[in-house]
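Peer 1: Protein chains in written order, with my numbering: chain P, 87 to 388; chain U, 16 to 297. Built from N, CA and C at the ideal position, the CB exists for glycine as well.
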Amino acid sequence: MARQQKTKTKYSKGAATGFFMVMPTVIGLIILNIYPLLRTVYMSFFKSGAFGKWTFVGLDNYIKMFQSAGFWTITKNTLVFMVLTVPVTVIFGLIIAVLLDQKIKGKTVFRAIYFLPMVVAPAAVAMVWKWLFNSEYGIINTVLGALHLPSDINWIADPKTALLTCAIVTIWSSVGYDAILLLSGLQSISRTYYEAARIDGATGFQQFRKITVPLVSPTLFFVLMMRVMASLKVFDIVYMMIEKTNPAIRSAETILYNFYQETFVKNNKGYGSALVVWCVILIAVITIIQFIGQKKWVTYDV
Amino acid sequence: MAGASRNGRKISKANIFIYLVLILGSVIMIFPFLWMILTSFKSVPETTLVPPTFFPESFQNTAAYIQVTNSLPFLKLYYNTLMMIFIRVVCAVVFSSMAAYAFAKVHFPMKNLCFALVVSQLMFPAQVFILPQYEMISAIGRTDSIFALVFPGLVSAFGTFFLRQTYMGIPDDLIEAARIDGCGQFRTFVSIAFPLTKTAIAALAVFTALFAYADLMWPLIVNTKLDMLTLSSGLSTLRGQFSVNYPNLMAGSVLAMVPMIVIYLIFQKQFIEGIALTGTKA
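1) In the DSSP assignment, find the unbroken beta strand (DSSP E) run with residue 140 of chain P in it and report its ends.
2) Mind checking if residue 28 of chain U is an interface residue toward chain P, Cβ cutoff 7 Å exclusive?
3) Can you tell me where the alpha helix (DSSP H) with residue 213 of chain U in it begins and where it stops?
4) Whose Cβ in chain P lies nearer than 8 Å to the Cβ of residue 276 of chain U?
5) For chain P, find out if any of its Cβ atoms is closer than 7 Å to the Cβ of residue 270 of chain U; answer yes or no.
6) Quick check: what's the CA-CA separation for residue 270 of chain P versus residue 291 of chain U?
7) Nearest to residue 27 of chain U by alpha carbon, out of P:101, P:165, P:102 and P:190?
8) Using a Cβ distance threshold of 8 Å, determine whether the stretch 140-154 of chain U contacts the stretch 110-130 of chain P, with at least three qualifying pairs required.
9) Candidates U:276, U:118 and U:74: which alpha carbon is nearest residue 228 of chain U's?
10) Cβ of residue 105 of chain U less than 7 Å from any chain P Cβ?
11) Please list the terminal residues of the continuous beta strand (DSSP E) segment that includes residue 134 of chain P.
12) Among U:230, U:38, U:55 and U:86, whose alpha-carbon lies nearest the alpha-carbon of residue 209 of chain P?
13) Taking all protein chains shown into account, do 16 or more other C-beta atoms lie within 10 angstroms of the C-beta of residue 128 of chain U, making it buried, or fewer, making it exposed?
14) If I measure Cβ to Cβ from residue 91 of chain U and keep anything under 7 Å in the same chain, skipping five residues before and after, which residues do I get?
15) Within the 7 Å Cβ cut-off, does residue 113 of chain U reach chain P?
16) Please give me, in chain order, every unbroken run of the beta strand (DSSP E) with length at least 3 that falls completely inside the stretch 235-266 of chain P.
17) On the DSSP letters alone, give me the boundaries of the alpha helix (DSSP H) that residue 147 of chain U sits inside.
18) How is the alpha helix (DSSP H) around residue 116 of chain U delimited, first residue to last?
19) What is the DSSP secondary structure of residue 318 of chain U, counted as helix, strand or coil?
20) Here's the rule: buried if 16 or more other CB atoms are within 10 angstroms of the residue's CB, otherwise exposed. What is residue 183 of chain U?
21) With DSSP as the reference, label residue 272 of chain P as helix, strand or coil.
22) Check whether chain U comes within 7 Å of residue 219 of chain P, counting only Cβ atoms and requiring the distance to be less than that.
23) Answer yes or no: do residue 317 of chain P and residue 167 of chain P have a C-beta to C-beta separation smaller than 7 Å?
24) If you measure from the beta carbon of residue 228 of chain P to each beta carbon in chain U, is any gap under 7 Å?
25) Candidates U:77, U:116, U:248 and U:53: which alpha carbon is nearest residue 108 of chain P's?
26) On the criterion of 16 or more Cβ atoms from any shown chain inside 10 Å, does residue 286 of chain P qualify as buried, or is it exposed?
27) Under a three-way DSSP split, which group does residue 206 of chain P fall into?
28) Taking only three categories from DSSP, how would you classify residue 99 of chain P?
29) Along chain P, in chain order, which residues have C-beta atoms closer than 7 Å to that of residue 37 of chain U?
30) Between residue 247 of chain P and residue 291 of chain P, what straight-line distance do the alpha-carbon atoms span, to the nearest angstrom?
31) Output needed in chain order: residues of the stretch 119-144 of chain U with a Cβ under 7 Å from some Cβ in chain P.
32) Report all residues from its chain with a CB closer than 6 Å to the CB of residue 260 of chain P; omit the five preceding and five following residues, and keep chain order.
33) Residue 103 of chain P and residue 175 of chain U look like a contact to me (Cβ under 8 Å); what is the Cβ gap, rounded to whole Å?
34) Can you find a CB in chain U that lies within less than 7 Å of the CB of residue 376 of chain P?
35) Can you tell me the Cα-Cα spacing of residue 378 of chain P and residue 45 of chain U, whole angstroms?
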């Protein structure tokens, strides 16, 4: 306590050096993040005209946004995308992690394979999946046909399946990343818990529920938060898979896809700024809900 | 003893099931890449065969690669992507290390304010900064440049926060010993503390490189000249050019992913452990 008091009032020798050591980062963040953040919020109250002319419009962008049916569609699409991707990715990630945590051979090889999509640019990932999902010549419909399942699914251009297709690709490409994080959480669990449980006659599933899940829950919570955030700001996979001319665009367009179109293609910078502010608000609200919810299931003190 | 052996057999039966599931998963993970490579050697008519053939007629058919490299300057794209990754990694490591050390080990004026500023940036998606960042780059006339590609990654709030955790783990006694020996604060950082954080630095480098390489929206916005694109944004232009010419699209994708995959296969352990570290420490 006395020591803390001391450090609070007395700076270290070389405090000036410390100050200068953080300055590149601090100044950089002010220029690259703080100023842009404030400017984005500021611009969301303006309308951009020709020749860089800006007119103050107050809350007009937001009013226009909330009154537009298209806006609610993209918000719905984004939330649906979250619901489609997050639980499946995290559950599959956990299953893979648990399996990789067993005493098996070739662990590093499996680990490397599941992580593979992470080192491939999403643009390339989207490209190959677009080909796999091709309605006429794609291998997926061919395989479905061979199994006597419906094989005429227009995965990418049918409004009913377009977003689902993007979700499948996203799950495929992120499941390995989650598995790696969860695996390192699992590996920090002491083996003695399992031995004790086995002596007490606990089944594999009981061990999973009573030991694994609580002890890995902090990592699980981190992965979940990260996954939710990533799903709410999805852009690249959807942008690469669903072109602007795709008839299913309306049922697959997400908030940031629309932000990109409005801001950088249609040059509606004020409206675009309002959209990205909305995205931040949505992320903040859902993150807060998760933080409240975590008290119910995340165990920190073991 | 008999009980143990029965138990052992049970475990190995369970193991077979585990292997089956893991192998099935691996096939699902690898197949798209395999199909990408196979398709890149096919001709367009070959890709429209019903039922599709598995292998291309000839692996010597490199027409797709020739067409793709003719329409996109791939060597330039490799160079741009490599430079963007390299500079971003160096900046993230150098600036974040310096700041992280100071935050963890030095008491200086306005420290809490500065640290709050860093942490608060972790909550925002990068896209909220993107339009003003673009305006800045365009105001100084540096669109279509390597500098533009690097710009948003000059400093890293995440890197600072992550490395600070590592520096916190270095015992104060060690730092104080160096200080008593007459090392200045900066010398202590460079010659004592920094070398102790190699694992974390490698992790941050991998993390930064992967996300820079994957980034699509920023390069798409700032660099529109064909020879200033990155691999990611270059691929997106191919999509418009060869809409259903899948051999060409696959050849482009193969070219874009091969360098990173080769690096990954060599440093596989560092990649995965690095990513695991950035996830668990942060």
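Peer 2: Looking at the coordinates:
1) 140-142
2) no
3) 213-229
4) 202, 205 and 206
5) no
6) 6 Å
7) P:190
8) yes
9) U:276
10) no
11) 132-134
12) U:230
13) exposed
14) 242
15) yes
16) none
17) 142-154
18) 89-120
19) The structure shown does not extend to residue 318 of chain U, since chain U spans only 16 to 297, so no value can be given for it.
20) exposed
21) helix
22) no
23) yes
24) yes
25) U:116
26) exposed
27) coil
28) coil
29) 185 and 196
30) 35 Å
31) 121, 122, 123, 124, 129, 132, 133, 136, 139, 140, 142, 143 and 144
32) 175
33) The pair is not a contact, with the Cβ atoms about 17 Å apart (cut-off 8 Å).
34) no
35) 39 Å
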